[in-house]
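Start counting the sequence shown at 1; every next residue gets the next number (UniProt numbering). All residues carry an ideal CB built from backbone N, CA and C; glycine is no exception. Since this is a predicted model, take the numbers as computed values, not measurements. To keep things clear, I will list the structure first and then write my remarks on it.
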Amino acid sequence: MPELKLETGNTEEQWAMLSALAHTTAAAPAAKQSPTADQIVGEFVAALAAKQPTPGGGAAAAVGAAVGAAAAAMAAAYTTRKKDRESGAAAAAEALIATLDTAAVLAAADADAVAYADLQRSWKDADMSAEEKAAVEARALAVPVQLVERCHAYVLAIQAFLPSCNPNITSDAKAALTAHHSPSARPSVTPAPTTPLAKVGIHQLAGAARAAFQTALVNSPPAAERERLRGLLREMREVEEALLEGEACP
């Protein structure tokens, strides 16, 4: 979303008020554009590359987050074998699948477009009340903030699931790689058609969170809110670094 600056001097109390207004004021109708969830990838990418206000950075972050959540959900789907049900891993997998709401994440892309349409209306509507304008500005900021929060929650949920994740998703990928380089080597079981997708999901979600944070930053949230969001990003970065260093399971 193009840059929006809140008025200088907003206090923490004003920020809390604006955030509350953002959740109680109805959004303007969305622009005539297919919902993000109904578009094929190529259509969305072409629209993102076009010289038009939306989809913009907020939508890009949301779609990236949805891809990350989907990758982790696939890893969980492969952890529903008979042995997984007997060990309890399947229950953890099903809980993760229920948590990773890709539709809700994709909806953030459309919420970003609606928020920007509202902003445009507020700039042109001389009769709009100060309270409504404040709610519009707060809603524009709330969209990326909520996406950062959702990505953080998903990353922690996936991290907690990793010890239960079907190990073939990782070990079979390694076996397939060995077979590729050594014709005489063969994996003992049929490789799962995936790499360590749960971990990929974490990295994708963390990246999407950083993109959403960048979108939020241009709207000048209060210092306390910026630090809170930075704290969430730091926690996700620590999870990523542990994975890259091989310190996390599986």
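Which residues bound the alpha helix (DSSP H) around residue i?
| i | result |
| --- | --- |
| S122 | 102-124 |
| Y78 | Taken as a continuous stretch (DSSP letters only), Y78 belongs to no alpha helix (DSSP H), as it is neither H nor E. |
| E94 | 89-99 |
| M236 | 223-244 |
| L217 | 197-217 |
| C151 | 130-161 |
| I169 | 168-181 |
| G56 | Segment: none, G56 is in no alpha helix (DSSP H) and carries neither H nor E. |
| R49 | A quick correction: the sequence has Ala, not Arg, at residue 49. Residues 41-49. |
Does residue i pass the burial test, meaning 16 or more other C-beta atoms within 10 Å, or should it be called exposed?
| i | result |
| --- | --- |
| V41 | exposed |
| D125 | exposed |
| P221 | buried |
| K199 | buried |
| E240 | buried |
| R230 | exposed |
| T194 | Caution applies to T194, whose pLDDT of 40 falls short of 50 and renders its modelled position unreliable; the value that the coordinates give is listed next. The residue is buried, with at least 16 neighbouring Cβ atoms inside 10 Å. |
| D38 | exposed |
| R139 | buried |
| A46 | exposed |
| L244 | exposed |
| G246 | exposed |
| A73 | buried |
| A108 | buried |
| P209 | Here residue 209 turns out to be Ala, not Pro, going by the sequence shown. Buried is the call here. |
| A223 | exposed |
Measure the Cβ-Cβ separation of residue i and residue j and say whether it is below 7 angstroms.
| i | j | result |
| --- | --- | --- |
| S34 | A92 | no |
| G58 | V145 | no |
| D118 | V105 | no |
| T80 | A90 | yes |
| A212 | A61 | yes |
| G201 | A76 | no |
| N219 | L141 | yes |
If you measure from the CB of residue i, is any heavy atom of the ligand NAP nearer than 6 angstroms?
| i | result |
| --- | --- |
| R210 | Annotation note on the ligand NAP: not contained in the displayed structure, which lists no ligands. |
Check: Quick check: the segment 120-139 against the segment 152-163, are there 3 or more CB pairs under 8 angstroms?
Finding: Because the criterion of three Cβ pairs below 8 angstroms is not met, the segment 120-139 and the segment 152-163 do not touch.
Margin query: Does the contact criterion of 3 or more C-beta pairs under 8 angstroms hold for the segment 196-208 versus the segment 66-84?
Written below: Between the segment 196-208 and the segment 66-84, the count of C-beta pairs closer than 8 angstroms reaches three or more; the two stretches touch.
Check: Is the segment 97-116 in contact with the segment 53-63, if contact means three or more CB pairs nearer than 8 angstroms?
Finding: Yes, the segment 97-116 touches the segment 53-63.
Notebook entry, point to check: Taking three-plus beta-carbon pairs below 8 angstroms as touching, is the segment 81-101 in contact with the segment 156-170?
Noted result: Yes, since at least three Cβ pairs between the segment 81-101 and the segment 156-170 fall closer than 8 angstroms, the two stretches touch.
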